[in-house]
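These protein sequence lines are chains A and B, in that order. To get the working numbering, take the position in the first sequence, counting from 1, and add 73. To get the working numbering, take the position in the second sequence, counting from 1, and add 60. Each residue gets a CB set at the ideal place from its N, CA and C atoms; glycine is no exception. Just so you know, these numbers come straight off a predicted model, no measurement behind them. See structure below.
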Amino acid sequence: MRNWIPEERGRILAAIVAAAGTVFVRDHLALALLWLASILILWCQGELRSAIHFLWRIWLPLASGLAIVWGLIVRGSPEYPDARGIPIGLDYAAITSLRIAALASVFQATLLPLRGFQRVHFWSRLGLPPSAVAGIISIFDLWPEFVRRVDQVVAARCARGLMTDRRLITRVRQIPFAFRTLFLSSLDSSMDRAVRWQSERLPERLVKAAASRGGSGSISGSFAWITLAICWVAFAFRHHLILNP
Amino acid sequence: MVQILTRFFVSCRDSRWLQRHRFHRIICFMTTVSASLAPMSVKTAALALVPLGVLLNLGIGTIVHLLKLPLFVDAVGTILITLLIGWRWGAVTGVLSFLVGGLLVNPVLPWFSATQATIAIVAGIMASKGWFRSLPRTIVVGILIGICAAIVSAPVIIWLFGGITGSGSGFITSFLLASGKKIVESVILTGLSCEPIDKTLQCLLVFWLVKSLPERFRTKLAPLGYLRQNTTANA
Numbered sequence: 074m075r076n077w078i079p080e081e082r083g084r085i086l087a088a089i090v091a092a093a094g095t096v097f098v099r100d101h102l103a104l105a106l107l108w109l110a111s112i113l114i115l116w117c118q119g120e121l122r123s124a125i126h127f128l129w130r131i132w133l134p135l136a137s138g139l140a141i142v143w144g145l146i147v148r149g150s151p152e153y154p155d156a157r158g159i160p161i162g163l164d165y166a167a168i169t170s171l172r173i174a175a176l177a178s179v180f181q182a183t184l185l186p187l188r189g190f191q192r193v194h195f196w197s198r199l200g201l202p203p204s205a206v207a208g209i210i211s212i213f214d215l216w217p218e219f220v221r222r223v224d225q226v227v228a229a230r231c232a233r234g235l236m237t238d239r240r241l242i243t244r245v246r247q248i249p250f251a252f253r254t255l256f257l258s259s260l261d262s263s264m265d266r267a268v269r270w271q272s273e274r275l276p277e278r279l280v281k282a283a284a285s286r287g288g289s290g291s292i293s294g295s296f297a298w299i300t301l302a303i304c305w306v307a308f309a310f311r312h313h314l315i316l317n318p
Numbered sequence: 061m062v063q064i065l066t067r068f069f070v071s072c073r074d075s076r077w078l079q080r081h082r083f084h085r086i087i088c089f090m091t092t093v094s095a096s097l098a099p100m101s102v103k104t105a106a107l108a109l110v111p112l113g114v115l116l117n118l119g120i121g122t123i124v125h126l127l128k129l130p131l132f133v134d135a136v137g138t139i140l141i142t143l144l145i146g147w148r149w150g151a152v153t154g155v156l157s158f159l160v161g162g163l164l165v166n167p168v169l170p171w172f173s174a175t176q177a178t179i180a181i182v183a184g185i186m187a188s189k190g191w192f193r194s195l196p197r198t199i200v201v202g203i204l205i206g207i208c209a210a211i212v213s214a215p216v217i218i219w220l221f222g223g224i225t226g227s228g229s230g231f232i233t234s235f236l237l238a239s240g241k242k243i244v245e246s247v248i249l250t251g252l253s254c255e256p257i258d259k260t261l262q263c264l265l266v267f268w269l270v271k272s273l274p275e276r277f278r279t280k281l282a283p284l285g286y287l288r289q290n291t292t293a294n295a
């Protein structure tokens, strides 16, 4: 299994090839294939939950909106301004929705399965300095704490009776106060943390530790992923040319 | 002097002999104290502020989501970091926010990274000329950033999203499309009508935050970014 996991640069290169192809491809089958392949990769690496979350919470409303606007309201496609009709509009909405789904899944399949030291190794192999790598890694660990703090700030304002009703104007007025509390409390702790990290040379030690453990991928895996991405692009353009000679 | 002391304490702390000694804890404490007294380097400030900026960009989105408001408010961290430590770090904050946001919140966000970089550049240029000094000037900066953001994000919205991004502005785009306007016109008009309001609100928020920044942070960060040019009137 380890042989099929690509190295950091192979992972990025394969994702760039696939994403670039996705932007220009206008073929349902090719886009659906890429989407399914990315979902399969996510499933194999135990990240299917994130893909489903995206599909349910973001993609489905977006796809519905596109279908309503282009299929029912405009009844046409910007690619063919002279042609009119519900099927043409729905076709454009379907292509766009598939493209968004494919791009999102490629991004998720590229970066989401990386964990712990793999993440450190990934960013440092891309040429980022140790302090930048430490900064990026800290975001992932601080995010859950930050979300909790956001909830606390909003809940505290409600409990103090500062949000007496749920009117839009009352809710808008909360933003600066909630934001200020959040910012000043986080600034203090993040400054202390940065000074401590720098004095303990934590960024350098972190990158060294990740380098000593080595990356999670192999060259054969990188080669396989890049080849698959190139094959998919070739298939997509060929299939499109067969359908639209 | 403080830097020399810090280096001395760090070398003492790292020595094998002292690590076995009972004074090692005191040496560690002294290292931290001397490091916190030393003038802040851009590297240390970036290490502290870039993750915070990213979290603010993503966190304020969460607040907006919790309060169910029809706004984006996703570049406050970018503008703030630009003002505090310069446009390069602001751009890094913006791009990282959308990359990390792509993993944590919404995987289509990374496609708008160029918009964040543009926001940082425009905010940096304006801040270097002291345009965040007063409220009316800040509003002008907000409008300008909004116009630039609308122009930069339009190709992505048109090419990748077919004009509809799933946000509240999608209703305006669909209305314009239904009225017979072309997709390019509709998206640019929507952007120009929504983005300046959103970005002005964010610039005002940053203006207010910078004003409420404690003096010790202001002194530490003043040599690094554009605080000096923009706080003279408020101080």
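{"Check": "Pairwise C-alpha distance: A:Arg157 and B:Trp171", "Outcome": "30 Å"}
{"Check": "Within-8 Å CB hit, B:Pro215 to chain A", "Outcome": "no"}
{"Check": "Enclosing beta strand (DSSP E) for A:Pro154 [first to last residue]", "Outcome": "153–157"}
{"Check": "Run of the alpha helix (DSSP H) containing B:Trp149, from where it starts to where it stops", "Outcome": "147–164"}
{"Check": "Contacts that A:Gly234 makes with chain B (C-beta to C-beta distance below 7 Å)", "Outcome": "Going along chain B, no residue has its Cβ under 7 Å from A:Gly234, so there is no contact; the nearest lies around 17 Å."}
{"Check": "Best match in B:Val200, B:Lys241, B:Ser194, B:Val168 for proximity to B:Ser213 [C-alpha to C-alpha]", "Outcome": "B:Val168"}
{"Check": "Contact set between B:Thr104 and chain A, taken where Cβ atoms lie within less than 7 Å", "Outcome": "Ala267, Val268, Gln271"}
{"Check": "Option in A:Ala282, A:Phe250, A:Ile85 with minimal Cα separation from A:Pro203", "Outcome": "A:Ala282"}
{"Check": "Interfacial residues, the stretch 86–102 of chain A to chain B, with Cβ spacing under 8 Å", "Outcome": "Val96"}
{"Check": "Three-state secondary structure (DSSP) of A:Ser197", "Outcome": "helix"}
{"Check": "Per DSSP, the bridge partner or partners of A:Ala149", "Outcome": "Here residue 149 of chain A turns out to be Gly, not Ala, going by the sequence shown. Note: A:Gly149 sits in a beta bridge opposite A:Arg157."}
{"Check": "The stretch 174–190 of chain B contacting the stretch 129–144 of chain B, beta-carbon criterion three pairs below 8 Å", "Outcome": "yes"}
{"Check": "For A:Arg221, the nearest candidate out of B:Gly119, B:Gly162, B:Leu287 (CA to CA)", "Outcome": "B:Gly119"}
{"Check": "For A:Ser291, the first and last residue of its enclosing alpha helix (DSSP H)", "Outcome": "Segment: none, A:Ser291 is in no alpha helix (DSSP H) and carries neither H nor E."}
{"Check": "Residues near A:Leu139 in its chain [Cβ-Cβ closer than 6 Å; skip 5 each side]", "Outcome": "Ala166, Thr169, Ser170"}
{"Check": "Runs of alpha helix (DSSP H) wholly within the stretch 203–278 of chain A (minimum 4 residues, chain order)", "Outcome": "203–232, 241–272"}
{"Check": "Contacting residues, own chain, Cβ-Cβ under 7 Å from A:Leu176 (five flanking each side not counted)", "Outcome": "Ala92, Thr95"}
{"Check": "Expected contact under 8 Å - CB spacing of B:Phe267 and B:Leu195 to nearest Å", "Outcome": "7 Å"}
{"Check": "Interface partners of A:Val142 on chain B, CB under 9 Å", "Outcome": "Gly222, Gly223, Ile224, Gly230, Thr233, Ser234, Leu237, Ala238"}
{"Check": "Contacts of B:Gly154 in chain A (Cβ-Cβ under 7 Å)", "Outcome": "Residues of chain A passing the Cβ test: none, with the nearest at roughly 13 Å."}
{"Check": "Continuous alpha helix (DSSP H) stretch holding B:Gly251: start and end", "Outcome": "243–271"}
{"Check": "C-beta neighbour in chain A for B:Gly206, strict 8 Å", "Outcome": "no"}
{"Check": "Counterpart residues of A:Pro322 in DSSP-defined beta bridges", "Outcome": "Here chain A comprises residues numbered 74 to 318, so residue 322 of chain A is not present and cannot be evaluated."}
{"Check": "Beta-carbon gap between A:Phe195 and A:Glu81 smaller than 8 Å", "Outcome": "yes"}
{"Check": "Any 3 or more C-beta pairs closer than 8 Å across the stretch 104–119 of chain A and the stretch 174–193 of chain A", "Outcome": "yes"}
{"Check": "Partners in chain A for B:Trp147, counting only beta-carbon separations shorter than 7 Å", "Outcome": "What B:Trp147 touches in chain A: nothing, since even the nearest Cβ is about 16 Å away."}
{"Check": "Contacts that A:Tyr165 makes with chain B (C-beta to C-beta distance below 8 Å)", "Outcome": "Gly222"}
{"Check": "Counted within 10 angstroms of its Cβ, other Cβ atoms place A:Tyr153 as buried (16 or more) or exposed", "Outcome": "exposed"}
{"Check": "Residues near B:Ala174 in its chain [Cβ-Cβ closer than 7 Å; skip 5 each side]", "Outcome": "Val212"}
{"Check": "Near-chain B residues of the stretch 246–257 of chain A - C-beta to any C-beta below 8 Å", "Outcome": "Gln247, Ile248, Pro249, Ala251, Phe252, Arg253, Leu255, Phe256, Leu257"}
{"Check": "Distance, A:Val206 Cα to A:Ala302 Cα", "Outcome": "28 Å"}
{"Check": "Any C-beta of chain A under 8 Å from that of B:Leu112", "Outcome": "yes"}
{"Check": "Per-residue DSSP class, three states only, for B:Ala293", "Outcome": "At B:Ala293, the pLDDT of 48 sits below 50, so the modelled position is not reliable and the matter cannot be decided from this model."}
{"Check": "Where A:Arg172 meets chain B, residues with beta-carbon distance less than 7 Å", "Outcome": "Leu220"}
{"Check": "Cα-Cα separation, A:Leu264 to B:Arg193", "Outcome": "The sequence shown places Met at residue 264 of chain A, not Leu. When rounded, the distance between both Cα atoms is 25 Å."}
{"Check": "As assigned by DSSP and simplified to three states, the class of A:Gly162", "Outcome": "helix"}
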